[in-house]
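First comes the structure, then the notes that go with it.
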Amino acid sequence: MYRLGDIARMLEGELYGAADAEVKGLAALHEAGPAELSFVAEEKYVDDAKVSKAMALVVSKDFPEISKPLIRVLHPRLAWAKLLAAFAPPKEVPVGVHETAVIGEDVVLGHNVSIQAYAFIKARSRIGNNAVIYPGVYIGADVRIGDNTVIHANAVIQDRVQVGKNCIIHPGVVLGTDGFGFVTTANGHQKVEHIGTVIIEDDVEIGANTTIDRATTGVTLVARGTKIDNLVQVGHNSKIGPQCLITGLCGIAGSSVLEGRNTMGGQSGLAGHLTLGEGTVVAARGLVAKDTPPHSFVSGFPARPHKENMRIIAAEQRLPTLLKEFAQLKKELAQMQEREQDMRMRLLEMERRQERTARERKEDDM
Amino acid sequence: MYRLGDIARMLEGELYGAADAEVKGLAALHEAGPAELSFVAEEKYVDDAKVSKAMALVVSKDFPEISKPLIRVLHPRLAWAKLLAAFAPPKEVPVGVHETAVIGEDVVLGHNVSIQAYAFIKARSRIGNNAVIYPGVYIGADVRIGDNTVIHANAVIQDRVQVGKNCIIHPGVVLGTDGFGFVTTANGHQKVEHIGTVIIEDDVEIGANTTIDRATTGVTLVARGTKIDNLVQVGHNSKIGPQCLITGLCGIAGSSVLEGRNTMGGQSGLAGHLTLGEGTVVAARGLVAKDTPPHSFVSGFPARPHKENMRIIAAEQRLPTLLKEFAQLKKELAQMQEREQDMRMRLLEMERRQERTARERKEDDM
Amino acid sequence: MYRLGDIARMLEGELYGAADAEVKGLAALHEAGPAELSFVAEEKYVDDAKVSKAMALVVSKDFPEISKPLIRVLHPRLAWAKLLAAFAPPKEVPVGVHETAVIGEDVVLGHNVSIQAYAFIKARSRIGNNAVIYPGVYIGADVRIGDNTVIHANAVIQDRVQVGKNCIIHPGVVLGTDGFGFVTTANGHQKVEHIGTVIIEDDVEIGANTTIDRATTGVTLVARGTKIDNLVQVGHNSKIGPQCLITGLCGIAGSSVLEGRNTMGGQSGLAGHLTLGEGTVVAARGLVAKDTPPHSFVSGFPARPHKENMRIIAAEQRLPTLLKEFAQLKKELAQMQEREQDMRMRLLEMERRQERTARERKEDDM
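Chains as they are written, first to last, in our numbering: chain R, 1 to 366; chain D, 1001 to 1366; chain V, 2001 to 2366.
Shown next, in the form of C-alpha cells:
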C-alpha cells in the first residue's frame, strides 16, 4: 500500500497535497476514480486534468496549479513508467526446472532459471542466469539465451539462434525459420537452405506471434535495445537497430538494413535490399521502396518525404474537381480559339480594307 | 442420414419435390454433385442454379421455379447456416481433465469442462461450465474463462485476462501481452509496464494467431458479439464493439474506439486514439487516420468517404493523360498569347492608322 | 570438410584455381572471409566480386575472369542452393515416438516417423513415412500427413486437414480453422459452421504463423509446389496454385482463385471472390480488387497494370505543382479573356469607324 508521500519520494518529486492520502491504484486521466492516481504528460491536457476524478496527478514541474493534489516531477512519462512498475502485480515465476520440461543433452542452465511445464530445450543450448522459459516453449539445439531474458509461452526458438540479455520474447514468437528463398526452375521452386542464423542482442523485446527468419548465410540481426511489436515479419539477412521501434504488422523484406533509432509505424513495410538511414521514421502503412537518407520522415505508398506526401494527398482530394475544371478550361480555351479565329479574320479583313482605303486615298490624291 | 422432407421440416420451409430423396451432403452451387444439397442466396444466381448438378436447392420464397427440387425458406443464408451446423462432423471433445494437464493452485473448474493434454492453467484461474481447453493452451494466473467457451490448441491467455461465455478462441491466439509502449530516453526505450488487462465479453470469436494487448491501466475491451478474424493486432486500451466484424490482418492501434456494429475489411487499419463511429465500415486495406462519423463507409489510404475515394481513384486513372493534356493546353495558351500579342500590335497599328487617316481626312477637310 | 576440387565436382563445374584449397564455409559476397566460398549470380556484380575477401567464387560460365579462384557452372543460383544444402548443419531428428507424445485411437504411423515430445495426434489420423512432427504440434482427428513432410514446433493442424508429401509446415502455422463467415441478424452475427476442409498438396512450404481457413463446404486448396511465407492469411474456399509464391503478410480473402505460377509480393492482398490469372504477379502491397488476366503484372492500391500504376505514381508526384500551375493557367486565361474582351471592343469600334469612314467617303464621293 502506497501513500502520496511515499510516491512523491519514490519519484523524487514535489508533493502539493496531503502526504498520507492512500493510493489504491493507477489509472488514465479520464478513467481514474477518487482513490486512484493519474498523470498528465502535457500541459495541453490541463482541462481534462481539472475534470478528472483522480485523487491526485503526476505532472511536470511547470504544469498549472489546479484544485487537486499534484506531484511535480522532471519527466512525467518516466515517472509514470516507474509507478506502473511499482504497482504491477507480481509475476509468480517458479524457480527451477519443472518436472515435465524436456532438457536435451549437454544443455547448460544458468543460476536461478525458471524452466516451466512442457518447455523443450534441445541439445547443447545454454540458458542464462535468471532466464524464464514459459510453458510450451520450444528451444532448438545450440541456442543461446542470455541472462534475465524471458521467453513467453509457446514461443519457438530454432537451432543456433542467439538471444541476448534482458530480452522479452512474447508468446508465439518464432525465431529462426528458413528465409523465403527459392530458385525457380522448370521443375518448380527449389528450396534454398538457410544455414545462417538469427542474433537478437541485449534489451530487445519482440511482440507476440512475430516471426524472424534466419539468414541464408551469416546473420539476421536485431540489434541492442530494439523493440518489435506483434505480428511483424522480419525477412532473412536483415539488420535492424540498435534502438528501433517496429510497430505491429510491419513487413521487413529480406536483406533490409535499419541503421538504428528507426521507427516504423503500424502496417508499414520495406521492400527488399533497402536501407533506412539512421533515425528515419516511416509513418503507419508507409511502403518504403528506395533507400532513405538519415533522419528523414517518410509516408505513403510508395513512401515519400512526409511533407511531400501530405501535399500529394491534399492535391488528390482536389483531383475530381480539377478534372472538371480542366474540362471546362479546355472548353473555354477552344471557344476562345474560335473567337480568336473570328477576330483574326475580322482583323485581316479590316487591314485589307484599310490598305484598300489607303490605296484608294493615294489614288485619289494622285 | 437426412431426407429432403426432414430438411424442409428442420428449416420450416416448403418443399417442392420428393420428400424421401436422400441428402448425402452439402456443397456450393458449382461444386455440388447429384446427391448433395445446395443453396442460392440471391435471385441473380438463377442461371447458376439451373446448371448446378445439386439434387435440390434451398432458396428464398420468391425464387423462380426451375426444373429441380426446391426448399423455399424465409432466409436462405440463415437456413444454410442451420444446415451446416446439422451436417457438421462431431467435434469429439473428451470431457474431464487430461492426466497431463497442469492445473495450478486454487484453480476452479466448472462442470463438464474439457481440459485436454498439456494444457496449463495457473493459480486461481476459473474455467466455466462446459468450457473446452485444447492441448497446448496456456492460461495464466487469475484468468476467467466463461461457460461454453472454447480455447483452441496452443492459444495463450495471460494473467488476469477475462473471456466471457460462448466465445471461440482459435489456435495460436495471444490475449494479454504487454502493449507496445516505451518512454524513449538518452539510454534507450524504457519499458512501460502494462498493469491493465483484457476483457473479452460474451459471444466473441477470435481468429487464429490474432493478438490482443493488455491495457497500460484499465482494460482493452472486445465487447459482446464481436468477431475477429485471423492475424489481427489489437493495441492496448482499445475498445471494440459490440457486434463488430474485424477481418484478417487488420491493425487496430492503441486506444482506438470502435463504437459498435463496425466492419473492418481485410488488412485495414486504424491509427491510434481514433474513434470509428457506430456502424462505420472500413473497406479492405483502408487506413483510417481521423475519427469517422457514425454509419459512414470509408476507404483508401488515407481513408475518405468511399464515394469520394472512388472519385479520386477514377481521377487518378486519368492523371497521366491529364498531365499530357495540361502540357498541351499550356502550350496552346502560350501560342495564343503570342498570337494575341501579334493581334494586339496589329490592332494598335490599325488604330493608329485609322486615327492618322481620320486626322488626315480632317486636315483634308479643313 | 570440403576442398574446392570436391565442390567443383559436386556442382559439375569447371574449377579455375587450386583443387586442394580447403573451404570452411559459405558466405555472401560482402561478408565472406578468406576461408569462405561465395557466389555471384549476375555479371553486374563483378566489381563487388573483385573486392570480396572470399577465397573463391561460384560464377556463371561467361563471368569475367578476376584474380580469384572461380568455379564456373551453368546455373550459379542452383549451384549455390546445392552447396547450401551440402553445408547445412545436421537437423538431429530423433526417429520414433517420444514417450510424452499423445497418440489417439486408430492413428496410423508410417515407417521411420519422428513424433517428438508433447506432440498430440487425435484419432484416426495417418502420418506418412519419414514424417517429422516437432514438439508441441497439435494434429486433430482424421488428418493425413504425407511422406517426408515436416511439421515444425507448435503448429496446429485441425480435423480432417490433408497435407501432402514433402511439405514443410513451419512453427505456429494453423491449418483448418473456421472461415470468417457469419449471417448478420437482428440478434447479432450468427456463426456459419465450416464443414469443409483444407488440402495442402505435395511439395508445399508454409511459413511461420501463417493461417489457412477451412472451406464452408468443399475444400480450401493449396496446390502442388506452392510456397507461402510467414504471417499470411488464406481465407476459406480459396484455391491457390500450383507453384505460387506468396510473400509475408499477404491477405487472400475467401474464395480467391490463384490459377498457378502466381507471385504475390509482401503485404499484398486479394479482395474476395477474385481470380488471379495464371502467372499473374502482384507487386508488394498491391491490393487486387478485380480479376486479372493471365501473365499480368499489377501493383498499387487498387492494383492496376504495373506500368500504368508507375505512370500514375509519377503523375501524383507532379500533382501539387500541377495544381499551382493550373491555378496560374486559369488566372492567365481569365486575364486573356479580359484582354480579348477589350480587343473585341476595340475591334468592333474600329469596324464601326471604318464603316463610318467608308460611308463618309462614299458620301464624299457622291
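Think of the CB as a built atom: it goes at the ideal place given N, C-alpha and C, for glycine as much as any other residue.
Residue i versus the options, residue with shortest Cα-Cα distance
i                  : options                                    : result
Gln243 of chain R  : R:Gly235, R:Asp229, R:Leu231, R:Ala223     : R:Ala223
Ile2007 of chain V : V:Ala2327, V:Ala2086, V:Leu2231            : V:Ala2086
Ile1103 of chain D : D:Glu1092, D:Arg1126, D:Leu1084            : D:Arg1126
Pro64 of chain R   : R:Asn129, R:Glu12, R:Val40, R:His75        : R:Val40
Lys1165 of chain D : D:Thr1184, D:Pro1293, D:Glu1022, D:Glu1201 : D:Glu1201
Leu221 of chain R  : R:Val232, R:Asn209, R:Asn237, R:Glu308     : R:Asn237
Gly2395 of chain V : V:His2111, V:Leu2175, V:Ala2289            : Because residue 2395 of chain V is not part of the residues shown, which for chain V are 2001 to 2366, the question remains open.
Leu368 of chain R  : R:His98, R:Val59, R:Val97                  : Because residue 368 of chain R is not part of the residues shown, which for chain R are 1 to 366, the question remains open.
Gly1013 of chain D : D:Leu1029, D:Pro1034, D:Val1073, D:His1098 : D:Val1073
Thr217 of chain R  : V:Ala2032, V:Ala2021, V:His2075, V:Gly2017 : V:Ala2032
Ser1114 of chain D : D:Glu1092, D:Asp1106, D:Ile1312, D:Lys1122 : D:Glu1092
Thr149 of chain R  : R:Thr185, R:Val204, R:Gly176               : R:Val204
Ala2021 of chain V : V:Ile2151, V:Pro2034, V:Pro2293            : V:Pro2034
Pro305 of chain R  : R:Lys324, R:Glu316, R:Thr280               : R:Thr280
Ala2018 of chain V : V:Ala2028, V:Leu2026, V:Leu2057, V:Leu2029 : V:Leu2057
Asn2112 of chain V : V:Ile2121, V:Val2097, V:Gly2241            : V:Val2097
Leu2026 of chain V : V:Lys2061, V:Arg2352, V:Leu2015, V:Trp2080 : V:Trp2080
Val161 of chain R  : R:Pro76, R:Arg261, R:Lys122                : R:Lys122
Glu2042 of chain V : V:His2075, V:Gly2260, V:Ile2169            : V:His2075
Per DSSP, cross-strand counterpart(s) of residue i
i                  : result
Glu2201 of chain V : Per DSSP, none; premise fails for Glu2201 of chain V.
Ala2056 of chain V : V:Leu2037
Phe2297 of chain V : V:Val2281
His1189 of chain D : D:Thr1184
Ser114 of chain R  : R:Gly96, R:Val132
Arg1072 of chain D : D:Glu1014, D:Val1059
Arg144 of chain R  : R:Arg126, R:Gln162
Leu1026 of chain D : D:Leu1037
Phe2120 of chain V : V:Val2102, V:Tyr2138
Thr211 of chain R  : R:Val174, R:Gln233
Contact under 8 Å by Cβ, residue i with residue j
i                  : j                  : result
Ile66 of chain R   : Lys53 of chain R   : no
Arg1214 of chain D : Val1234 of chain D : no
Tyr2134 of chain V : Ala2153 of chain V : yes
Gly181 of chain R  : Val192 of chain R  : yes
Asp1229 of chain D : Gly1207 of chain D : yes
Leu287 of chain R  : Ser268 of chain R  : yes
Leu1276 of chain D : Ala1253 of chain D : no
Pro1094 of chain D : Gln1116 of chain D : yes
Gly1136 of chain D : Gly2136 of chain V : yes
Glu2036 of chain V : Lys2044 of chain V : no
Ala1119 of chain D : Ala1101 of chain D : yes
Lys1331 of chain D : Leu2329 of chain V : no
Phe1326 of chain D : Phe301 of chain R  : no
Met345 of chain R  : Met1336 of chain D : no
Pro1171 of chain D : Val2156 of chain V : yes
Cys2403 of chain V : Gly2188 of chain V : Because residue 2403 of chain V is not part of the residues shown, which for chain V are 2001 to 2366, the question remains open.
Ile2212 of chain V : Ala1088 of chain D : no
Leu1078 of chain D : Val2183 of chain V : yes
His2295 of chain V : Glu2308 of chain V : no
Val1282 of chain D : Met1310 of chain D : no
Gly251 of chain R  : Gly266 of chain R  : no
Any C-beta of chain A under 8 Å from that of residue i
i                  : result
Gly2248 of chain V : This model lacks chain A altogether, as its protein chains are R, D and V.
Take every Cβ of the region 3 to 19 of chain R, pair it with every Cβ of the region 64 to 81 of chain R, and state whether three or more of those distances are shorter than 8 Å.
Yes, since at least three Cβ pairs between the region 3 to 19 of chain R and the region 64 to 81 of chain R fall closer than 8 Å, the two stretches touch.
Assess, as a yes-or-no matter, whether the region 1336 to 1350 of chain D is touched by the region 1315 to 1325 of chain D under the definition of 3 or more beta carbon pairs within less than 8 Å.
no
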